[in-house]
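Numbering (our numbering), first residue to last: 250 to 435.
Where is the CB? At the ideal position from N, CA and C, for every residue including glycine.
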């Protein structure tokens with residue numbers, strides 16, 4: 250239970266940190282890259298199987314992992330920009346609602362029955378992001394430009410696609426004993 254609470258707090262706190270970084274003169278780009286490298290190194294170190302690291306490029310999934318890793322890094326940069334220019338609430342909702350993309354992907358990938366309630370829920374989730382941006386645009390957007398309104402949508406798609414790709418690669422290429430190694434590679 251404590252790990253669940255820590256996961257919820259850390260995943261929520263990241264948005265607040267991105268909003269506060271400029272006030273404390275923290276270079277957000279450096280913080281993101283440093284965090285990303287630290288998390289990867291810590292993941293590999295905790296894996297305790299250094300033999301796997303020597304032959305990392307022999308795995309079929311490594312290039313997918315590199316692609317997903319770059320996508321996630323770009324998404325973090327979008328989160329930073331969206332949080333600092335649109336606001337924490339809209340950015341958080343867009344990121345959290347992105348779960349509908351891997352859910353929809355899983356329904357299709359696993360050949361589950363598609364019920365009307367599932368389809369309506371997915372459509373409402375996507376539509377809610379546009380309603381949030383429209384409602385809040387005069388209050389929270391600090392920089393001009395019509396394209397800024399699309400940041401939540403780009404976050405929604407970027408995070409959803411990356412999560413869907415992780416599921417696909419894990420199911421198609423990853424052996425159970427390599428799962429933590431794959432996650433560290435992202």
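Discussion item. Would residue 326 and residue 263 be called neighbours here (beta carbons separated by less than 8 Å)?
Written reply: Going by beta carbons, residue 326 and residue 263 fall outside the 8 Å limit.
Item to complete: Thinking residue 277 and residue 408 are a contact (beta carbons under 8 Å), I'd like their distance in whole angstroms, please.
Response: Not confirmed; about 18 Å, so no contact.
Worksheet entry | C-alpha distance - residue 309 paired with residue 272, whole-angstrom precision | C-alpha separation (whole angstroms): 44 Å.
Worksheet entry | Exposure of residue 372, with buried meaning 16 or more beta-carbon neighbours within 10 Å | Exposed.
Item to complete: Mind reading off the beta-carbon distance from residue 404 to residue 317? Whole number of angstroms is fine, and I expect it under 8 Å.
Response: About 16 Å separates the two Cβ atoms, so there is no contact after all.
Discussion item. Less than 8 Å between the beta carbons of residue 357 and residue 401, yes or no?
Written reply: If you check the CB distance, residue 357 and residue 401 do not come in under 8 Å.
Discussion item. Between 362, 256 and 344, which has its C-alpha nearest residue 374's C-alpha?
Written reply: Ranking the options by Cα distance to residue 374, first place goes to 344.
Item to complete: Pull up the CB-CB distance for residue 430 and residue 296, whole angstroms please, since I reckon it's below 8 Å.
Response: Contact between residue 430 and residue 296 is confirmed by a C-beta separation of about 6 Å, below the 8 Å threshold.
Worksheet item: Mind checking whether residue 328 and residue 397 have CB atoms under 8 Å apart?
Response: With contacts defined by Cβ atoms closer than 8 Å, residue 328 and residue 397 do not form a contacting pair.
Worksheet item: Could you give the distance in angstroms between the alpha-carbon of residue 426 and the alpha-carbon of residue 274?
Response: Straight-line measurement puts the Cα of residue 274 at about 42 Å from the Cα of residue 426.
Discussion item. Quick check: the Cα distance between residue 288 and residue 315, rounded to an integer number of angstroms?
Written reply: One alpha carbon belongs to residue 288, the other to residue 315, and they sit about 15 Å apart.
Fill in: Beta carbon of residue 313 nearer than 8 Å to that of residue 418
Yes, they are a contact pair.
Item to complete: Let me know the secondary structure DSSP gives residue 364 once reduced to three states.
Response: Reduced to three states, the DSSP call for residue 364 is coil.
Discussion item. With a threshold of 8 Å on Cβ separation, who are the neighbours of residue 389 within its own chain once the five nearest residues in sequence on each side are excluded?
Written reply: In this prediction, residue 389 scores a pLDDT of 49, lower than 50, which makes its location untrustworthy; the coordinate-derived value is nonetheless stated afterwards. Once the five neighbours on either side are set aside, the close Cβ partners of residue 389 are 335, 336, 338 and 339.
Worksheet item: Can residue 411 and residue 292 be called in contact, C-beta distance under 8 Å?
Response: No, they are not a contact pair.
Worksheet item: Where does the unbroken alpha helix (DSSP H) through residue 345 begin, and where does it stop?
Response: From DSSP, the alpha helix (DSSP H) with residue 345 extends over 337 to 346.
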